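Asks:
In UniProt numbering, the protein residues as written are 1 to 265.
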């Protein structure tokens with residue numbers, strides 16, 4: 001019996017050692033690869049959607065060949081892989097590292113664009129729950145960060161191939177920010193917090209004068225002034241509204257919808 005256990009133990013040990021050899025070889029399969037081979041394999045993994053594996057290979061490339069174009073390209077690809085993987089924190093860290101290390105790199109404009117995209121996608125997820133969450137509980141930080149990143153790209157690299165798309169996204173983001181202030185202003189208006197409503201509506205009008213949301217923001221401002229009994233300011237706001245939106249009927253119909261519990265009125 002004792003001999004049988006010894007044999008079994010020996011068999012288990014041999015299997016364990018064989019396994020270590022197999023997996024060790026798998027892990028170290030790239031140890032003799034050239035920079036070109038490492039980069040090509042990492043790109044293949046990235047294209048196949050194996051983002052974690054591609055990051056590992058790019059990191060090996062950077063550590064083994066720290067100088068030259070391949071290392072720099074690996075750093076850039078690592079940022080993109082983290083972005084595609086949905087790891088916002090790691091992606092932003094990789095972007096910031098690249099910009100700090102290579103401020104004059106030929107493709108640094110792409111890093112500014114990628115920084116905007118990372119926050120832009122976070123913003124999209126953020127606003128997708130707009131109907132299910134109290135607007136005052138949300139923070140538009142991702143929206144602002146995305147806008148700032150795109151703005152820096154447009155300012156620094158006006159001729160970049162990424163600039164036209166960045167400008168288009170900035171227009172969307174501006175209205176998102178204006179909509180955020182508008183929703184907060186409406187929240188206060190519904191609760192008769194007229195001072196807070198007026199302040200938030202004014203903030204939207206001042207910060208984002210060209211956003212489509214400004215039409216409704218002016219109406220909220222008029223209603224807030226009216227609620228406070230500030231007739232002169234209300235009439236001034238009305239004149240601004242009429243001048244800028246002469247064909248609008250929003251002011252006449254705003255807030256006219258009856259509450260569901262007043263159906264008998």
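A virtual CB, placed ideally from N, CA and C, is assigned to each residue, including glycine.
Quantities reported herein were computed from a predicted structural model and do not represent experimental measurements.
Could you give the DSSP three-state label for residue 245: helix, strand or coil?
Replies: Three-state DSSP puts residue 245 in coil, outside helix and strand.
Asks: Grab me the residues of residue 143's own chain with a C-beta within less than 6 Å of its C-beta, minus the 5 sequence neighbours each way, in chain order.
Replies: Within the same chain, residue 143 has close Cβ partners 123, 173, 176 and 177.
Asks: From the beta carbon of residue 202, is the nearest beta carbon of chain B less than 8 Å away?
Replies: Within the model displayed, chain B is absent; a lone protein chain is all it includes.
Asks: Any chance you could list the alpha helix (DSSP H) runs of at least 4 consecutive residues sitting entirely within the segment 17-85, in chain order?
Replies: For the segment 17-85, whole alpha helix (DSSP H) runs of length 4 or above, ordered along the chain, are 35-47, 51-64 and 69-85.
Asks: Do residue 241 and residue 251 have their beta-carbon atoms positioned less than 8 Å apart in this structure?
Replies: It is a contact, given that the beta carbons lie within the stated cut-off.
Asks: Under the three-state reduction of DSSP, which class applies to residue 104: helix, strand or coil?
Replies: Here residue 104 sits in coil by DSSP.
Asks: How long is the line joining the alpha carbons of residue 196 and residue 41, rounded to whole angstroms?
Replies: Going by the C-alpha atoms only, they are around 57 Å apart.
Asks: Ordered along the chain, which non-local residues of its own chain (more than five positions away) have a Cβ less than 8 Å from that of residue 21?
Replies: Per-residue confidence for residue 21 stands at a pLDDT of 47, beneath the threshold of 50, marking its modelled position as unreliable; the derived number appears in the next sentence. No residues qualify anywhere along the chain.
Asks: Identify, in the order they occur along the chain, each residue of the same chain with its Cβ nearer than 6 Å to the Cβ of residue 71, setting aside the five sequence neighbours on each side.
Replies: Correct list, in chain order: 62 and 65.
Asks: So, for residue 226: in the same chain, excluding its five sequence neighbours on each side, which residues have a beta-carbon less than 7 Å away from its beta-carbon?
Replies: Around residue 226: 234.
Asks: Less than 8 Å separating the beta-carbons of residue 169 and residue 120?
Replies: Contact: yes.
Asks: Measuring alpha carbon to alpha carbon, tell me which residue in 106, 214, 141 and 118 is nearest residue 161.
Replies: Nearest option by C-alpha distance: 106.
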